[in-house]
Structure formats: structure tokens, C-alpha cells
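What follows is one structure encoded as C-alpha cells, with my remarks underneath.
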Amino acid sequence: MKKLVLAGAMLCLSACATATPPANASASVDNKAAPKSESTAAGKTESAALDIRIPQLSSVLKGEYKPEDYFTEQFLAAVPQAQLAQLSASIIAQYGQPLTVIEVKKTAPDAATLQLEFEKAIATFNINVDVNKPYKVRGLLATSFASKDDNFEKISADFDALPGQSAFLVEKLDENDPGEIIAARNADRQFAIGSTFKLYILAELSAQVKAGARKWSDVVPLAHRSFSSSATNRWPENSPVTLETLALQMISVSDNSATDTLLHALGRENVERKLAQIGHSAPDRTLPFLSTVEAFALKAPANADLYARYIKANEVQQRQIINTQTARLGFAQVDDSTFNGGPVHIDTIEWFASPIDMSALLNHIRRAGDPKMLEIMQVNSGIGPAEAAKWNYLGYKGGSEPGVISMSFLVQSKAGDWYAVSGSWNNPAKEVNDTQFVLLMTRLLQAVTG
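If you use mature numbering (1 follows the signal peptide of the UniProt record, and there is no 0), the sequence shown corresponds to residues -19 to -1, 1 to 431, in order.
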């Protein structure tokens, strides 16, 4: 099952450690250059490893070079060939065919940062190579893509080509609502947003702290277990945890047990009032505000009859179902095979918002002026580090499940202007391509900065 989370930048082909670059270490490599002759000297052998593998990168991305001949076994264990092929296809779909390596800066004897030209962009990669024969690549990370002559019109056309329904909004935020809409497509439509809904819980937590009802350091038991809880999966039940720790886990790695524990600690009805206070164009789509385990359980095949009752019920009746069917809506009822067949009830059991709703939420967070809340949103940037570094501030939350992906950014430019950038893609018929969407959202952010 795919997590209800978009954890980190999807441009990563492998999580590799990049060594600290030595001073003035740089070299230029031509994509067509012949491999240098092998030497027994360590420095020349290490250089040969990079000089052999860097020119082959274009062929690897195009599928013309066998991955098992290029990458180490450890790399392919972490990034299987099918996933690698999907990542490469998504990059090529966005930016065209890779052409040539135009610059290389060696950052260590076995590592380098390189720029690879595509038809529509210049990409920056970090690469790590095994210096022993046969010099296979053990780490590859795409850190940024600088589009050539991109604009909102081209990006909107690419959104339009996505199967299913999609939307985005780029809004320059102001002290008064609404702000200035810079670019938009279907921005008033409701979409399933996956774990992006957790920003409403964060906003309510911050409000309760501001009101003096809570402290970030307050300790509560981790009492509500849920599925896809990567951070707390093996933690003992009722482990004492601070509210700040729960919020960090909820936002940075989208931990669902942390989320449900916070929702119950703060009060479902209080989070719902916060949603109403912020403003939502179709609150009936999201209320009652489900916990993650309740949503998972309602989608489970074993609860098909309960799901049928729930979607036919009005809001009062739905609340009665939630309150009286706690055993059937608990963790024990969640089946990890529920999502193996693709999207499940994404039009009915989800958390919904339009890009305009998300912009209002992001602007509320900005106006609240809570430095702790802003710090928590900044932990996981959702995009590559090079792109995130272009902003004075970048806060992010995203969410996904089969057929759903959503990404929302609160950003401040180097000039001091604030923007909300939000997008969603739903397809009830089949899974969406997360990497393709991340690239689209990265292009939106690039278009704002120019």
C-alpha cells in the first residue's frame, strides 16, 4: 500500500551522501569523451571511474544502457529497475531527451556534481562512483531542473494533459483576502488532498498554544495507532510524546499515528471549527473530519457494508457511525492489501479542498505568525534542495495515496513577497505518477521566481 504521504523530493534516484568538495576542485567532461586509460595511481584510477560513468548517464536515462551494468547491486536494491525506468520516463516527459553533459565539478575523488542538458532544461545531478572495477555508480541524485523558456501557459497545458482531474493555483498573498492570482487552472474545484489535510490540525494546535490552552512541550500518550506510520511504527503503545514531536512527525514524514493522536488530543470538533474559521468552499465534502485510521477502515473490503451506510448518511448520521462503530473503524480492521488494486473510494472517503481553499489555509498559517509552526513546515521541503534554496522561506505539506497526489507550498521570495502555490491531481481509474507531478510543481515554483 502506498502511504498517505509525499515524503521528500521525488527527484531522488538514490539517497547518497555527497562528500565535502575540496577547494577549487572542478573539471570539464565532454559527453563523447573517450574513457581515460587506467592507472595504478589511486588518484588517476578514481578519476577514471568518474570519467567513464558520467558520459554514460544520458544513455542510462534513455534506457539504452543496462542498469545492472551501470549501478551497484545495493543501488538497484534501493531503486529497482522498474522504479528507475519510471523516474527516467517522468523526467524525459517533462524535459525532453537528455543531450550532453555540459559541466562537471568533482567534489571528492569518487564524487561529482554535474550538469546535464535536456531538450527543455538543464539538470543538476550528484553522482557517487565505486572506484574499484567495474566502477559502478552507487549514488545518483537529481537536485534541480532549470527549465528553458518555461512559463505558466506551458505548465498549464501539461497539467491539462494529465489523465483524470488536476488543478493548481499560484497566488501572491496579501494582508487582505483575496490576494493576487498569478496563475491558476481549475482552482475552485474540490480535490482529494491526502495528507495535506494535516495542515488544519497543525493550525489548530498552534491556535491552542497561542490561547494558552496548550504548550508545545505538553506530553500526551501515543494512544492512537494507525497505518503508514513510518516514524512511530515500532514505538510502544502509549509512549509519552510532546505535542511538538507529534506535530513534527505529522508534517515532516506524515506519520499517521502522530496525526490521529494529535486529532484526538486537540478535539475533532475544534479542528472542524478551525477549518470553518479559515474558510472552506465545500466543508460538507470533508466533514466529519476523519482520522486516518477511520478513513483507512472505511475503505477496507471487510467494511464494505459500513462504507455503503456511511456514504448514504447525512453528516449527523455519519458522526453517529463514527461514535458507535469504533471497533470496526480501528487499526485492527485495516488491511494492508486494501490499496493493492489501485485507487479506492477517493471521491467519497478522503479529505477534500480546492487550491483556493489551500491558499486560504496557507495564508492563515502565514498570518498567525507562529515561528514554531513555520519551522515545522520547513523540515521537509518536498522538492530538491537547490530549488528550495531559491526562496527566503519554503514551507511544505503534501499527500498521496493511489489515485491522489497533492502538494502545497507557502513561500517567501528573496524580495520578501509571500506566495501560496498549491496543486492536486486525482484519477479514480488508476494510480497517478508522483514523480511527474513533483516535476510539474517544481516548474510552477521556478516560474514564480523566474
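C-beta atoms are modelled at their ideal positions from N, C-alpha and C, and glycine is treated no differently.
Small disclaimer: the values here were computed from a predicted structure and weren't measured.
Given residue 38 as reference, the closest of 190, 239, 106 and 53 once Cα atoms are compared: Working through the sequence shown from its first residue, we reach residue 38 at position 57. Here the closest residue by C-alpha is 106.
Member of 330, 363, 296 and 121 whose CA lies at the smallest distance from the CA of residue 51: Here residue 51 is taken as the residue at index 70 of the sequence shown, counted from 1. Ranking 330, 363, 296 and 121 by Cα distance to residue 51 puts 121 first.
Pick from 363, 349 and 272 that is closest to residue 241, judged by C-alpha positions: Position 260 of the sequence shown holds residue 241. Here the closest residue by C-alpha is 272.
8 Å contact criterion, which residue 243 and residue 181 should meet: CB distance rounded: The count along the sequence shown starts at 1 and reaches residue 243 at position 262. The count along the sequence shown starts at 1 and reaches residue 181 at position 200. Their Cβ separation, rounded to whole angstroms, is 11 Å, which puts residue 243 and residue 181 out of contact at 8 Å.
Buried versus exposed call for residue 34 [16 or more other C-beta atoms within 10 Å across all chains shown]: Residue mapping note: residue 34 aligns to position 53 of the sequence shown, counting from 1. It is buried - the Cβ of residue 34 has at least 16 other Cβ atoms within 10 Å.
Those residues which DSSP pairs with residue 82 across a bridge: Along the sequence shown, read from residue 1 onward, the residue named residue 82 stands at position 101. Paired residue(s): 97.
Residue 239 to residue 278 span [Cα, whole Å]: Taking the sequence shown and counting its residues from 1, one reaches residue 239 at position 258. Taking the sequence shown and counting its residues from 1, one reaches residue 278 at position 297. A straight line joining the alpha-carbon of residue 239 with that of residue 278 spans about 17 Å.
Same chain, Cβ closer than 7 Å to residue 190, neighbours up to 5 away in sequence not counted: Here residue 190 is taken as the residue at index 209 of the sequence shown, counted from 1. These residues qualify, in order along the chain: 196 and 197.
Per-residue DSSP class, three states only, for residue 229: As a position in the sequence shown, residue 229 is number 248, starting the count at 1. Reduced to three states, the DSSP call for residue 229 is helix.
Inter-residue spacing [alpha-carbon to alpha-carbon] between residue 399 and residue 75: Along the sequence shown, one-based indexing puts residue 399 at 418. Along the sequence shown, one-based indexing puts residue 75 at 94. Distance from the CA atom of residue 399 to the CA atom of residue 75, rounded to whole angstroms, is 27 Å.
contact_flag[the region 143 to 153, the region 394 to 410] where n(CB pairs < 8 Å) is 3 or more: yes
Straight-line Cα distance separating residue 428 from residue 369: For this step, residue 369 is matched to residue 388 along the sequence shown. For this step, residue 428 is matched to residue 447 along the sequence shown. Straight-line Cα distance between these residues: approximately 13 Å.
Contact check, residue 129 vs residue 164, beta carbons under 8 Å: As a working mapping, residue 129 is identified with position 148 in the sequence shown. As a working mapping, residue 164 is identified with position 183 in the sequence shown. Residue 164 sits away from residue 129, with the two beta carbons spaced by 8 Å or more.
Helix, strand or coil at residue 415 according to DSSP, with G and I counted as helix: Residue numbering aside, residue 415 sits at position 434 when the sequence shown is read from its first letter. Three-state result, residue 415: helix.
For residue 87 and residue 410, the rounded distance between their alpha carbons: Residue numbering aside, residue 410 sits at position 429 when the sequence shown is read from its first letter. Residue numbering aside, residue 87 sits at position 106 when the sequence shown is read from its first letter. One alpha carbon belongs to residue 410, the other to residue 87, and they sit about 45 Å apart.
Inter-residue CB distance, residue 340 and residue 150 (contact presumed, cutoff 8 Å): Counted from its first residue, the sequence shown places residue 340 at position 359. Counted from its first residue, the sequence shown places residue 150 at position 169. For a cut-off of 8 Å, the C-beta gap from residue 340 to residue 150 is around 6 Å, short enough to register as a contact.
Assigned secondary structure, residue 373 (DSSP; H/G/I helix, E/B strand, else coil): Within the sequence shown, the letter at position 392 stands for residue 373. If DSSP states are grouped into helix, strand and coil, residue 373 belongs with coil.
Cβ separation of residue 203 and residue 220, assumed to be a contact under 8 Å, to the nearest whole Å: Sequence index remark: in the sequence shown, residue 203 carries index 222 (1-based). Sequence index remark: in the sequence shown, residue 220 carries index 239 (1-based). Confirmed, about 5 Å.
Pairwise C-alpha distance: residue 98 and residue 68: Numbered from 1 along the sequence shown, position 87 holds the residue referred to as residue 68. Numbered from 1 along the sequence shown, position 117 holds the residue referred to as residue 98. Each residue's alpha carbon lies about 17 Å from the other.
From 247, 159 and 178, residue whose alpha carbon lies closest to that of residue 199: Numbered from 1 along the sequence shown, position 218 holds the residue referred to as residue 199. With distances taken between Cα atoms, residue 199 lies closest to 247.
Alpha-carbon spacing of residue 328 relative to residue 360, whole angstroms: The residue you call residue 328 lines up with position 347 of the sequence shown. The residue you call residue 360 lines up with position 379 of the sequence shown. Counting only the Cα atoms, residue 360 lies some 30 Å from residue 328.
Coarse secondary structure for residue 153, derived from DSSP in three states: What you label residue 153 is simply residue 172 of the sequence shown in a count that begins at 1. In this structure, residue 153 counts as strand in the three-state DSSP scheme.
DSSP three-state assignment for residue 118, whether helix, strand or coil: For this step, residue 118 is matched to residue 137 along the sequence shown. Strand.
Residue 127 to residue 42 span [Cα, whole Å]: Stepping through the sequence shown from its first residue, residue 127 is reached at position 146. Stepping through the sequence shown from its first residue, residue 42 is reached at position 61. The alpha-carbon atoms of residue 127 and residue 42 are separated by roughly 18 Å.
Given 8 Å, three or more beta-carbon pairs between the region 225 to 239 and the region 201 to 216: Taking a contact to require three or more Cβ pairs closer than 8 Å, the region 225 to 239 and the region 201 to 216 qualify as touching.
Cα-Cα separation between residue 286 and residue 156, rounded to whole angstroms: If you number the sequence shown from 1, residue 286 lands on position 305. If you number the sequence shown from 1, residue 156 lands on position 175. Using only the alpha carbons, I get a separation of about 47 Å.
CB-CB length for residue 72 against residue 420, believed under 8 Å: Here the question's residue 72 lines up with position 91 in the sequence shown. Here the question's residue 420 lines up with position 439 in the sequence shown. The Cβ separation is near 7 Å, so the contact holds.
Proximity of residue 305 and residue 280 at Cβ, strictly below 8 Å: Numbered from 1 along the sequence shown, position 324 holds the residue referred to as residue 305. Numbered from 1 along the sequence shown, position 299 holds the residue referred to as residue 280. No; because the gap between Cβ atoms is not below 8 Å, this pair is not in contact.
Three-state class that DSSP yields for residue 201 in the structure shown: Here the question's residue 201 lines up with position 220 in the sequence shown. Looking at residue 201 - three-state DSSP - the assignment turns out to be strand.
Cα-Cα separation, residue 32 to residue 40: Mapped onto the sequence shown, residue 32 falls at position 51. Mapped onto the sequence shown, residue 40 falls at position 59. Distance between the alpha carbons of residue 32 and residue 40 is about 15 Å.
Cα-Cα separation between residue 386 and residue 422, rounded to whole angstroms: For the purposes of this step, residue 386 is taken as residue 405 along the sequence shown, with counting starting at 1. For the purposes of this step, residue 422 is taken as residue 441 along the sequence shown, with counting starting at 1. Cα to Cα, residue 386 sits roughly 11 Å from residue 422.
Simplified DSSP state of residue 435, which is helix, strand or coil: This structure leaves residue 435 out entirely; the chain is present only between -19 and 431.
Exposure label - residue 205; buried when at least 16 CB within 10 Å: The residue labelled residue 205 in the question sits at position 224 within the sequence shown. It is buried - the Cβ of residue 205 has at least 16 other Cβ atoms within 10 Å.
Burial state of residue 261, where buried means 16 or more other Cβ atoms lie within 10 Å: The residue you call residue 261 lines up with position 280 of the sequence shown. Counting Cβ neighbours within 10 Å, residue 261 comes out buried, since at least 16 surround it.
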